[in-house]
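Asks:
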């Protein structure tokens with residue numbers, strides 16, 4: 011109940027203040043209306059223009075390095091707006107970043123892992139692992155090629 015009592019007292023105090031200051035009340039009511047009518051006049055004097063979409067060329071971030079970042083700032087200083095998609099915006103295309111580290115890494119990974127020889131190599135690796143598991147011993151007893159590799163006595167076979 012105290013909240014409603016305080017609210018009523020505050021509204022009563024505000025109304026008494028407004029009655030005693032009629033000039034201030036008039037200014038507080040007319041000033042926002044005056045600003046609103048200025049906005050309406052400006053809007054009607056300059057109707058909105060329709061523009062096409064703006065597409066900007068890609069620019070490197072500072073994390074790409076100081077030189078590429080400065081080149082991006084200097085070379086794109088005029089900030090040209092294109093109506094169509096720029097090369098870097100097309101989905102799945104890294105057109106203007108062909109020399110970047112990530113695109114070269116992805117291209118190398120695609121050539122290494124993408125060919126049929128990679129599948130044959132991985133299949134051969136699986137066969138090699140199976141053959142090594144089936145081998146009777148590591149050759150440590152006979153002084154084979156793996157003798158002395160284990161420096162831990164608990165890992166060496168008896």
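In our numbering, the protein residues as written are 11 to 168. Glycine included, C-beta positions come from ideal geometry on N, C-alpha and C. Please read these numbers as outputs of a predicted model, since none were measured by experiment.
1) Output needed for residue 91: all residues of its chain with C-beta closer than 6 Å, excluding positions within five of it in sequence on either side, in chain order.
2) Whole angstroms are fine: how far does the CA of residue 86 sit from the CA of residue 46?
3) The alpha helix (DSSP H) with residue 87 in it runs from where to where?
4) From which residue to which residue does the alpha helix (DSSP H) around residue 54 run?
5) Compute the Euclidean distance between the alpha carbons of residue 119 and residue 84, then round it to the nearest angstrom.
6) Per DSSP, residue 92 is paired with what?
7) Is DSSP giving residue 11 helix, strand or coil here?
8) Since I believe residue 78 is in contact with residue 67 (beta carbons under 8 Å), could you give me their beta-carbon distance rounded to a whole number of angstroms?
9) First and last residue of the alpha helix (DSSP H) that includes residue 136?
10) Take residue 144 and list the residues in its own chain whose beta-carbon comes closer than 6 Å to its own, dropping the five residues that flank it on each side.
11) Consult DSSP for residue 80 and reduce its assignment to one of helix, strand or coil.
Replies: The relevant details are as follows:
1) By 1-based counting over the chain shown, the position of residue 91 is 81. So the qualifying residues of the chain are 64.
2) Reading the chain shown from its first residue, position 36 is the one you call residue 46. Reading the chain shown from its first residue, position 76 is the one you call residue 86. Looking at the backbone, the Cα of residue 46 and that of residue 86 are separated by about 39 Å.
3) Counting from one through the chain shown, the residue named residue 87 turns up at place 77. First-last for residue 87: undefined, no H or E at that position.
4) For the purposes of this step, residue 54 is taken as the residue at position 44 of the chain shown. Its alpha helix (DSSP H) spans residues 32-55.
5) What you label residue 119 is simply residue 109 of the chain shown in a count that begins at 1. What you label residue 84 is simply residue 74 of the chain shown in a count that begins at 1. Cα to Cα, residue 119 sits roughly 33 Å from residue 84.
6) Counting from 1 along the chain shown, the entry for residue 92 is found at position 82. According to DSSP, residue 92 bridges with 65.
7) The residue you call residue 11 lines up with position 1 of the chain shown. In the structure shown, residue 11 sits in coil (DSSP, three-state: anything other than H, G, I, E or B).
8) Here residue 67 refers to the residue found at position 57 when the chain shown is read from its first residue. Here residue 78 refers to the residue found at position 68 when the chain shown is read from its first residue. In fact, because the Cβ distance is near 13 Å, the residues do not count as touching under 8 Å.
9) As a working note, residue 136 is residue 126 in the chain shown. 126-144 is the extent of the alpha helix (DSSP H) around residue 136.
10) Reading the chain shown from its first residue, position 134 is the one you call residue 144. Around residue 144: no qualifying Cβ.
11) As a first step, residue 80 must be located in the chain shown, where it is residue number 70. The answer is helix: DSSP assigns residue 80 an H, G or I state.
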